[in-house]
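So the structure is just underneath, and the comments pick up after that.
There are 2 protein chains.
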Amino acid sequence: MSSSQAIEALREAFTRLPGIGPKSAQRMAYHLLERDRNAAQSIADALQHALDTIKHCRRCNNLSETELCSLCASPKRKHGLLCVVETPADLESIEMAGSYNGCYFVLMGAISPLDGIGPDNLGVDRLLKVIDEFDIEEIIIATNLTAEGETTAEFLTELLSGRDITLSRIARGVPVGGELEYIDRNTVARAINDRQTLNKP
Amino acid sequence: MSSSQAIEALREAFTRLPGIGPKSAQRMAYHLLERDRNAAQSIADALQHALDTIKHCRRCNNLSETELCSLCASPKRKHGLLCVVETPADLESIEMAGSYNGCYFVLMGAISPLDGIGPDNLGVDRLLKVIDEFDIEEIIIATNLTAEGETTAEFLTELLSGRDITLSRIARGVPVGGELEYIDRNTVARAINDRQTLNKP
Chain A
1 MSSSQAIEAL REAFTRLPGI GPKSAQRMAY HLLERDRNAA QSIADALQHA LDTIKHCRRC
61 NNLSETELCS LCASPKRKHG LLCVVETPAD LESIEMAGSY NGCYFVLMGA ISPLDGIGPD
121 NLGVDRLLKV IDEFDIEEII IATNLTAEGE TTAEFLTELL SGRDITLSRI ARGVPVGGEL
181 EYIDRNTVAR AINDRQTLNK P
Chain B
1 MSSSQAIEAL REAFTRLPGI GPKSAQRMAY HLLERDRNAA QSIADALQHA LDTIKHCRRC
61 NNLSETELCS LCASPKRKHG LLCVVETPAD LESIEMAGSY NGCYFVLMGA ISPLDGIGPD
121 NLGVDRLLKV IDEFDIEEII IATNLTAEGE TTAEFLTELL SGRDITLSRI ARGVPVGGEL
181 EYIDRNTVAR AINDRQTLNK P
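First to last, the sequence lines map onto chains A and B.
Mapping the first sequence onto this note's numbering, position 126 (from 1) lands on 126, and the numbers just tick up by one.
Mapping the second sequence onto this note's numbering, position 67 (from 1) lands on 67, and the numbers just tick up by one.
See below:
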């Protein structure tokens, strides 16, 4: 191996990014050192700054620089309505959709026995505390429609169904713009079963 | 946008990596901050260390922590034989092949008028200096077989052909393991034209 230890260490570090293998990591390392040292400095600084400042929001458990994130602190949101999601990216996705005006709770994962993630590894204790403290009236379970997400949804349904809270699950069906011909059978079956009535005869 | 400024800045910074768009950058930022802060710290540290220590080798122009890189400093290499490549990754590729025991010169690019890269932007001055200083006897031009690499090879051939140096170009042909049926016509034509004699009748 001809390259220096510092390049080797950088390449190694880049392979720890999700979806980045040894070849891409090498290309990144060389690109930054050969052609864009400014970018390298920006990334190093942004990482360090994020590591130093990003904690979890006391209420929704999302990543936040402040004790209470901007969503939880906003007076414009319905604070009695809670949407439970797996990750910050899922939250972001719902925010982008722009049709939800309640608050969130981010589990930071889903139940996955294969990966050794049980209910205790998710923020379930904190979720229960938030439900009590903030007088939650309705909870939308918006975990993913994967095996892990569905297991998590079932677990939460069981956990919370004794309480005086409206529980709901996000709708399952054919995606907007989807063509039935190309949609998997389970989704089509779900779309038929969960059909929405259009009139009241 | 609900996420914090620090996450936003990190996401932005990651898009400056080659081949990384906004979606991947977001996934990287969330992955590191949610699940692998150790990796985030490793990357930040490795970047900073590389930025602080990596310069160019005085002789071969490759990235190096030392004034003379380990290859140029090695007594095992033939110092009168020079292989000219475009990038450190190309050098690496030849080293991996393990059949070359001379030294290198890394141009850090190729002539590309569309990108505004002319001979002056490559290390051509330094190449000439190295040729004089180290008494080079043979130069293998190993720029890529792309339009830019071929232009660069032609330029170097013209530049150096007046001197008492053996010049050569890497062989063009069908890659090892390649099947003629699936190889492009130019390569096949080249493989026919540059055929190697097997006997001496």
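Think of the CB as a built atom: it goes at the ideal place given N, C-alpha and C, for glycine as much as any other residue.
Through-space distance from residue j to residue i, alpha-carbon basis
i: B:T166; j: B:I141; result: 11 Å
i: A:D115; j: A:L180; result: 34 Å
i: A:R27; j: A:E8; result: 12 Å
i: A:S24; j: A:L32; result: 12 Å
i: B:L211; j: B:L160; result: Residue 211 of chain B lies beyond the stretch modelled for chain B, which goes from 1 to 201, so this question has no answer here.
i: A:T53; j: A:L68; result: 13 Å
i: A:L145; j: A:D184; result: 13 Å
i: B:E95; j: B:P22; result: 35 Å
i: B:C83; j: B:Q41; result: 38 Å
i: A:I192; j: A:A89; result: 29 Å
i: A:R163; j: A:G178; result: 37 Å
i: A:Y16; j: B:N38; result: Here residue 16 of chain A is Arg; the residue named in the question, Tyr, does not match the sequence. Distance between the alpha carbons of A:R16 and B:N38: 10 Å.
i: B:D120; j: B:E158; result: 15 Å
i: A:T197; j: A:E148; result: 30 Å
i: A:S70; j: A:G118; result: 29 Å
i: A:P18; j: A:E12; result: 13 Å
i: A:S99; j: A:S74; result: 16 Å
i: B:T66; j: B:L156; result: 28 Å
i: B:P113; j: B:R35; result: 45 Å
i: B:H49; j: A:A50; result: 19 Å
i: A:Q108; j: B:N186; result: Contrary to the premise, residue 108 of chain A reads as Met rather than Gln in this sequence. The alpha-carbon atoms of A:M108 and B:N186 are separated by roughly 53 Å.
Where residue i meets chain B, residues with beta-carbon distance less than 7 Å
i: A:Y30; result: T87, P88, A89
i: A:I7; result: A50, I54, L63
i: A:S24; result: G19
i: A:L10; result: A46, L47, A50
i: A:S112; result: What A:S112 touches in chain B: nothing, since even the nearest Cβ is about 13 Å away.
i: A:S99; result: Per Cβ cutoff of 7 Å: no residues; A:S99 is ~14 Å from chain B at best.
Cβ separation of residue i and residue j, assumed to be a contact under 8 Å, to the nearest whole Å
i: A:C60; j: A:F134; result: Not really, about 10 Å apart at Cβ, beyond 8 Å.
i: A:N101; j: A:R77; result: 6 Å
i: A:C103; j: A:H79; result: 6 Å
i: A:T143; j: A:E86; result: 5 Å
i: B:I139; j: A:L47; result: Not a contact, Cβ separation roughly 42 Å.
i: B:R172; j: B:D194; result: 6 Å
Listed by chain order, chain B residues near residue i by CB distance under 9 Å
i: A:A13; result: A39, S42, I43, A44, D45, A46, L47
i: A:L33; result: A50, L51, I54, L63, P88
Contact list for residue i against chain A, beta-carbon separation under 8 Å
i: B:D36; result: R16
i: B:R27; result: P18, G19, A89
i: B:S93; result: Near B:S93 there are no residues of chain A at all, since even the closest Cβ is about 10 Å away, more than 8 Å.
_Contained alpha helix (DSSP H) runs [length at least 4] in the stretch 24-66 of chain A, N- to C-terminal order_ = 37-53
_Length at least 4, wholly inside the stretch 74-159 of chain B: the alpha helix (DSSP H) runs in chain order_ = 88-97, 124-133
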